[in-house]
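Asker: Chains as they are written, first to last, in my numbering: chain U, 49 to 164; chain Z, 148 to 262.
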């Protein structure tokens with residue numbers, strides 16, 4: 049059973065470009081979380097999605113950031129018009145069941161975004 | 148407001164020494180989970196332990212042990228007889244009952260083990 053997959057592992061963008069980060073959850077998992085780790089900091093929650101639904105986006109910046117988890121395919125975190133402050137590691141985690149029963153979240157290897 | 152506090156930014160030890168990492172959390176929920184993750188230099192997150200709020204029994208797993216005390220809202224982690232491979236950043240995290248399972252991480256403690 050493959051783990052959580054994220055691609056690309058490293059992404060370089062120039063200011064103003066768009067960044068698309070992909071996350072394929074573990075097989076059978078229908079719940080996806082995105083976290084951001086700024087340099088020298090801990091991870092911060094961004095968004096929680098179930099298939100085709102955004103459940104909690106309280107950690108998402110109000111502008112330029114969006115996330116989706118379509119019925120088919122990976123979850124996508126999209127950052128429009130990137131700025132240098134977006135440079136960070138973005139981690140995706142998946143869990144199998146409703147979060148209310150505190151299932152363990154399985155983390156992907158992360159995508160390191162560098163904005164030049 | 149920060150709900151998980153890891154006051155130690157960095158701890159340096161010599162191999163075979165014990166090291167204890169502090170974690171203090173804050174929550175009003177009676178049902179919650181606490182976690183420890185390890186992030187080695189390669190960058191991935193490695194799950195170490197999950198503990199629910201109703202289980203205060205301390206746990207030992209090999210060289211790792213955890214001390215959960217609700218009275219002081221602490222969930223401390225000890226590495227016994229440290230090894231160079233233990234060098235990493237260690238994160239404590241909290242998941243509350245009404246938070247859809249999202250994890251709230253502390254700032255992390257960098258552990259440096261030298262030979």
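Glycine is no exception: its CB is placed at the ideal position from the N, C-alpha and C atoms.
For clarity, every value in this text was computed on a predicted model and none was experimentally measured.
Would you list, in sequence order, the uninterrupted beta strand (DSSP E) runs of no fewer than 3 residues that lie entirely inside the region 91-137 of chain U?
Answerer: 91-98, 101-104, 113-116, 123-127
Asker: Report the residues of the region 183-198 of chain Z with a CB closer than 7 Å to any CB of chain U, ordered along the chain.
Answerer: 190, 191, 192, 194, 197
Asker: Nearest chain Z C-beta to residue 70 of chain U closer than 9 Å, yes or no?
Answerer: Output row for residue 70 of chain U: interface = no.
Asker: Residue 82 of chain U: which of U:119, U:130, U:106, U:59 sits nearest, CA to CA?
Answerer: Out of U:119, U:130, U:106, U:59, the CA that lies nearest to the CA of residue 82 of chain U is found in U:106.
Asker: Report the neighbours of residue 251 of chain Z on chain U: residues whose CB is nearer than 8 Å to its CB, in chain order.
Answerer: 93
Asker: If contact is defined by three or more beta carbon pairs under 8 Å, each pair taking one atom from either stretch, is the region 160-180 of chain Z in contact with the region 226-240 of chain Z?
Answerer: yes
Asker: Would you please state the rounded distance, in angstroms, between the beta carbons of residue 90 of chain U and residue 254 of chain Z? I believe it to be under 8 Å.
Answerer: That pair is a contact at about 5 Å.
Asker: Determine the burial state of residue 134 of chain U: buried for a count of at least 16 other Cβ atoms within 10 Å of its Cβ, exposed for fewer.
Answerer: buried
Asker: To the nearest angstrom, how far is the alpha carbon of residue 238 of chain Z from that of residue 181 of chain Z?
Answerer: 11 Å
Asker: Comparing the C-beta of residue 64 of chain U with each C-beta of chain Z, is any distance below 9 Å?
Answerer: By this cut-off, residue 64 of chain U is not an interface position.
Asker: Is it the case that the Cβ atoms of residue 258 of chain Z and residue 196 of chain Z are separated by a distance below 9 Å?
Answerer: no
Asker: Does the distance from the CB of residue 161 of chain U to the CB of residue 136 of chain U come in under 9 Å?
Answerer: Cβ atoms of residue 161 of chain U and residue 136 of chain U: closer than 9 Å.
Asker: Along the beta strand (DSSP E) that carries residue 186 of chain Z, what are the first and last residues, could you check?
Answerer: Per DSSP, residue 186 of chain Z belongs to the beta strand (DSSP E) from 179-186.
Asker: Here's the rule: buried if 16 or more other CB atoms are within 10 angstroms of the residue's CB, otherwise exposed. What is residue 129 of chain U?
Answerer: exposed
Asker: Hey, which unbroken runs of the beta strand (DSSP E) at 3 residues or more fall wholly within the region 156-229 of chain Z?
Answerer: 157-161, 166-168, 179-186, 193-199, 206-208, 211-216, 221-226
Asker: Note down, in chain order, every chain Z residue with its Cβ under 8 Å from the Cβ of residue 137 of chain U.
Answerer: 190
Asker: Any beta carbon from chain Z within less than 9 Å of residue 166 of chain U's own beta carbon?
Answerer: Any property of residue 166 of chain U remains undetermined from this structure, which presents chain U solely from 49 to 164.
Asker: By the three-class DSSP mapping on this structure, what secondary structure does residue 82 of chain U have?
Answerer: strand
Asker: From residue 245 of chain Z to residue 176 of chain Z, what distance separates their C-alpha atoms?
Answerer: 8 Å
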